[in-house]
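In the UniProt record's numbering, the protein residues as written are 1 to 137.
Here it is, written out as structure tokens:
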């Protein structure tokens, strides 16, 4: 009887925690949070796929695409970023296409591919944290 209530409280706490993190994070940290959110949604989609939860899979994939396109891709500075920004934009589009494929064809390999790409980009972005802070100082 109280299970739903506990879940609602936990979800509300998680939302406040994320919003607090967003409000206090520097731009570099915000991008890391976007990578983390996209990775979480891809993992959630895989879990839903394994459990034959079609609505859950679709929601998680939609959220992952939203984060990739309206978070990561939109944050690219196409003027200052030059060819690198163009390549990243194309990679984000490719990841979105692979996620759509995964959704339509229940393809765990497509989810794994996107997860690997996101994890590699996240690792590279995390690795430049010191350089970003030094450049800003």
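Cβ atoms here follow ideal geometry from the backbone N, Cα and C, with glycine treated the same way.
Quick caveat, the model's predicted, so the values are computed rather than measured.
Asked: Do residue 64 and residue 50 count as a contact pair if the criterion is CB distance below 8 Å?; Found: no
Asked: Based on Cα-Cα distance, which residue from 55, 84, 92 and 59 lies nearest to residue 71?; Found: 92
Asked: Ignoring anything shorter than 3 residues or poking outside the region 109-135, list the beta strand (DSSP E) runs there in chain order.; Found: none
Asked: Looking at residue 39: is its Cβ nearer than 8 Å to the Cβ of residue 119?; Found: yes
Asked: List the endpoints of the continuous alpha helix (DSSP H) containing residue 29.; Found: 27-50
Asked: Measure the Cβ-Cβ separation of residue 45 and residue 111 and say whether it is below 8 Å.; Found: yes
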